[in-house]
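Chemist: For any residue, its number in the numbering used here is found by taking its place in the sequence shown, counting from 1, and adding 246.
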Amino acid sequence: MIYLNHAATTYPKPQVVQEAVARSIQEPPQSQYRGVAGSTYGDDVGKLCRENLARLFRIREPKRIFFTSGSTQALNMAILGLPYPLKGGGALQGTEAVAAGSRQPGAGETGGRRRVVFTAAEHNAVLRTIYDGLREKIADGSVMPVLVPCDRSGYVDMKAMEQAITEDTALVIVNHSSNVTGAVQDIARIGSWARQKGAYFLVDASQSAGALPIDVEAAGIHMLAFTGHKGLYGIEGTGGLYVEPGVPLRPLVYGGTGTDSRTLVPREPFYEVGTMNQPGIAALCAGTGYILEVGLEQVMAWEQALVKRLYEGLRAIKGVTVYGDRQPEGTAVSFNLEGLSPADVGYILAGSYKIQVRTGLHCAPLLHECLGTQGQGTVRASISYLSKEEDVEALLGAVRELMGETR
């Protein structure tokens, strides 16, 4: 099998990751160490994992990185945990997202920050958390969703974004790298606008963590959500959320932490409760260590070389539509074949060529409205540092045959 679905889950995992999982389940459980931030965990794997992540994301305080089951849980924690409206009351009506840039009362006029600004490139882990998870607050006016559009390549309309971030904005959410087109957003620029207006800035790094440089402080990021099983080469069921000190985030889940069990209302909130995923954290520790050892620059150089070959190769085939006017900075490329549905292409590639890609809407329905592919979605091919040149060439050869071309 040729695997080109790394944007979903990287495969295979580096040998060190496989060994770390095996070692974790073979050793005696360290149940007295519950993985709370700043504590040891097993043989210090939790502490080392946080330190690795802090190095990758340029985070000063590793203890501010909290383990989760993945980026979906992390995004839910960040979005639902804020006390809306921020700093006051007031009432804004409406249950639909308003157009970015429309005139709305400022924080001083309403007594509180209600705007939750997000982009059309967001994953359903953000979209459903806003529209469903915050629906009561949207209905009573405590939250006002503000949608910022993207162009046909998946890049955020930066003028609309700047206009959308006003004095009454509570939270700005941006998907760093699109899981559909591979477009990478200018988070440093957006983060500076959020900071200037006093809004919290949440970045979804699900597709960029381990593949692209992230500097939390330089980009003005208050909260960073990431998953472990993609570019960080961990296993499913792992991820985390960085929370800057001072962010008034309430936990979504309460329970045991293994420390100070007599205190029922702790002075500082616990974001990690219950028994942690020790094999998963061990895998994430090994995966992040692998990236740091190889070097992020080398990872990026190899991945970009493969993406360039894939992007240019697909664009050169007659009858193929590639979504994006320039080579994506991320690791995913979306395309469609004339006369074939994405589902048919995926079925043929898997059955006849043993090539695994992903088809459909990729859990990003609003972006497909921008791309004009909301009906059936796209075919997505995605790579990782462990992908090979021959994997890309095999896909290009298969697409040429499907389009009736010969080499």
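Using N, Cα and C, we set each Cβ at its ideal position, and we do this for glycine too.
1. With a cut-off of 8 Å, do at least 3 Cβ pairs link the segment 571-590 to the segment 621-628?
2. Within a Cβ cutoff of 8 Å, which residues of the same chain sit near Asp506, ignoring the five residues on either side of it in sequence?
3. Which residues bound the alpha helix (DSSP H) around Phe303?
4. At what residues does the alpha helix (DSSP H) containing Val489 begin and finish?
5. How long is the line joining the alpha carbons of Ala532 and Val540, rounded to whole angstroms?
6. Who are the Cβ neighbours of Glu635 in its own chain at under 6 Å, not counting the five residues just before and after it?
7. Does Leu498 come out as helix, strand or coil in the three-state DSSP assignment?
8. Would you kindly work out how many angstroms separate the C-alpha atoms of Ile384 and Leu510, rounded to a whole number?
9. Tell me the DSSP bridge mates of Phe516?
10. Quick check on Tyr593: does DSSP put it in helix, strand or coil?
11. Are Thr473 and Ser317 closer than 7 Å when you measure CB to CB?
12. Return the residue from the list Val493, Lys333, Ser630, Val262 that minimises the CA-CA distance to Arg361.
13. Which whole-angstrom value is the C-beta distance of Pro494 and Leu328, which I expect to be below 8 Å?
14. Exposed or buried, which one is Gln272 when buried takes at least 16 other CB atoms within 10 Å?
15. What does the Cβ neighbour count give for Val499, buried or exposed, with the cut at 16 atoms within 10 Å?
16. Where do the N-terminal and C-terminal ends of the beta strand (DSSP E) with Glu412 fall, by residue?
17. List the endpoints of the continuous alpha helix (DSSP H) containing Val638.
18. Does the beta carbon of Glu539 sit closer than 7 Å to a beta carbon anywhere in chain D?
19. With a threshold of 7 Å on Cβ separation, who are the neighbours of Val462 within its own chain once the five nearest residues in sequence on each side are excluded?
20. By the DSSP assignment, the beta strand (DSSP E) with Gly606 in it spans what residues?
21. Report all residues from its chain with a CB closer than 6 Å to the CB of Glu408; omit the five preceding and five following residues, and keep chain order.
22. With DSSP as the reference, identify every bridge partner of Met390, one or two as the case may be.
23. Over what stretch of residues does the beta strand (DSSP E) that includes Arg572 continue unbroken?
24. Let me make sure I understand the geometry here. Which of Val363, Met404, Gly559, Ile481 has the alpha-carbon closest to that of Ala528?
25. Give the straight-line distance between the Cα atoms of Glu382 and Arg374, rounded to the nearest whole angstrom.
26. Going by beta carbon distance, what residues of the same chain come within less than 6 Å of Tyr401, once the five residues before and after it are set aside?
27. Hey, could you find the ends of the beta strand (DSSP E) Ala451 is sitting in?
28. Is the beta carbon of Gln442 closer than 7 Å to that of Gly576?
29. Where does Val625 fall in DSSP's three states?
30. Does the distance from the C-beta atom of Arg555 to that of Val638 stay below 7 Å?
31. Buried or exposed for Met247, please, with buried defined as at least 16 other CB atoms from any protein chain shown within 10 angstroms of its CB.
32. Just mark Asp414 as buried or exposed, buried being the case when its beta carbon has 16 or more other beta carbons within 10 Å.
33. Beta-carbon separation of Ala253 and Asn370 under 7 Å?
34. Could you compute how far the alpha carbon of Ala547 sits from the alpha carbon of Thr503?
Modeler: A quick look at the data gives this:
1. yes
2. Numbered from its first residue, the sequence shown carries residue 506 at position 260. Cβ within range, chain order: Pro512.
3. Mapped onto the sequence shown, residue 303 falls at position 57. First-last of the alpha helix (DSSP H) with Phe303: 291-303.
4. Against the sequence shown, residue 489 aligns to sequence position 243. Element bounds for Val489: not the alpha helix (DSSP H) but the beta strand (DSSP E), 485-489.
5. The residue labelled residue 532 in the question sits at position 286 within the sequence shown. The residue labelled residue 540 in the question sits at position 294 within the sequence shown. In a straight line, the C-alpha of Ala532 is about 12 Å away from that of Val540.
6. Counting from 1 along the sequence shown, the entry for residue 635 is found at position 389. Excluding positions up to five away in sequence, the list is empty.
7. Numbered from 1 along the sequence shown, position 252 holds the residue referred to as residue 498. Shown here, Leu498 sits in coil according to DSSP, grouped into three states, outside any helix or strand.
8. Stepping through the sequence shown from its first residue, residue 384 is reached at position 138. Stepping through the sequence shown from its first residue, residue 510 is reached at position 264. Taking the straight line joining both Cα atoms gives about 31 Å.
9. What you label residue 516 is simply residue 270 of the sequence shown in a count that begins at 1. Note: Phe516 sits in no beta bridge, so no partner.
10. Within the sequence shown, numbered from 1, the residue matching residue 593 stands at position 347. Helix.
11. Here residue 473 refers to the residue found at position 227 of the sequence shown. Here residue 317 refers to the residue found at position 71 of the sequence shown. Ser317 sits close to Thr473, with the two beta carbons spaced by under 7 Å.
12. Position 115 of the sequence shown holds residue 361. If you compare the alpha carbons of Val493, Lys333, Ser630, Val262 with that of Arg361, the shortest gap goes to Lys333.
13. The sequence position of residue 494 within the sequence shown is 248, counting from 1. The sequence position of residue 328 within the sequence shown is 82, counting from 1. With a Cβ gap of about 7 Å, Pro494 and Leu328 count as contacting.
14. Position 26 of the sequence shown holds residue 272. The residue in question, Gln272, is exposed, as its Cβ has fewer than 16 Cβ neighbours within 10 Å.
15. The residue you call residue 499 lines up with position 253 of the sequence shown. It is exposed - the Cβ of Val499 has fewer than 16 other Cβ atoms within 10 Å.
16. On the sequence shown, residue 412 is found 166 positions in, with the first residue counted as 1. It should be noted that the sequence gives Thr, not Glu, for residue 412. Looking at the DSSP string, Thr412 is not in any beta strand (DSSP E), and its letter there is neither H nor E.
17. Numbered from 1 along the sequence shown, position 392 holds the residue referred to as residue 638. Per DSSP, Val638 belongs to the alpha helix (DSSP H) from 635-648.
18. Absence of chain D from the displayed structure is noted, only one protein chain being present.
19. Against the sequence shown, residue 462 aligns to sequence position 216. Phe303, Arg304, Ile305, Leu470, Tyr488, listed in sequence order.
20. Position 360 of the sequence shown, counting from 1, holds the residue named residue 606. Residues 604-606.
21. Stepping through the sequence shown from its first residue, residue 408 is reached at position 162. Around Glu408: Trp439.
22. Within the sequence shown, the letter at position 144 stands for residue 390. Answer by DSSP bridge pairing, in chain order: Arg361.
23. Against the sequence shown, residue 572 aligns to sequence position 326. No beta strand (DSSP E) holds Arg572; DSSP gives it neither H nor E.
24. By 1-based counting over the sequence shown, the position of residue 528 is 282. The residue with the shortest Cα to Cα distance from Ala528 is Ile481.
25. Within the sequence shown, the letter at position 136 stands for residue 382. Within the sequence shown, the letter at position 128 stands for residue 374. Using only the alpha carbons, I get a separation of about 13 Å.
26. Here residue 401 corresponds to residue number 155 of the sequence shown, with the count starting at 1. Taken in chain order, the residues that qualify are Ala429.
27. For the purposes of this step, residue 451 is taken as the residue at position 205 of the sequence shown. Where Ala451 is concerned, there is no enclosing beta strand (DSSP E), given that its DSSP letter is neither H nor E.
28. As a first step, residue 576 is located in the sequence shown; it is residue number 330 there, counting from the start. As a first step, residue 442 is located in the sequence shown; it is residue number 196 there, counting from the start. Contact: no.
29. Here residue 625 corresponds to residue number 379 of the sequence shown, with the count starting at 1. Residue state, collapsed to three classes: strand.
30. Counting from one through the sequence shown, the residue named residue 555 turns up at place 309. Counting from one through the sequence shown, the residue named residue 638 turns up at place 392. It is a contact, given that the beta carbons lie within the stated cut-off.
31. As a working mapping, residue 247 is identified with position 1 in the sequence shown. Result: exposed.
32. In the sequence shown, the residue the question calls residue 414 occupies position 168. With 16 or more other Cβ atoms within 10 Å, it is buried.
33. Taking the first residue of the sequence shown as 1, we reach residue 253 at position 7. Taking the first residue of the sequence shown as 1, we reach residue 370 at position 124. Taking 7 Å as the cut-off, the beta carbon of Ala253 is found no closer than this to the beta carbon of Asn370.
34. Translated into the one-based positions of the sequence shown, residue 547 becomes position 301. Translated into the one-based positions of the sequence shown, residue 503 becomes position 257. Looking at the two C-alpha atoms, the distance is approximately 41 Å.
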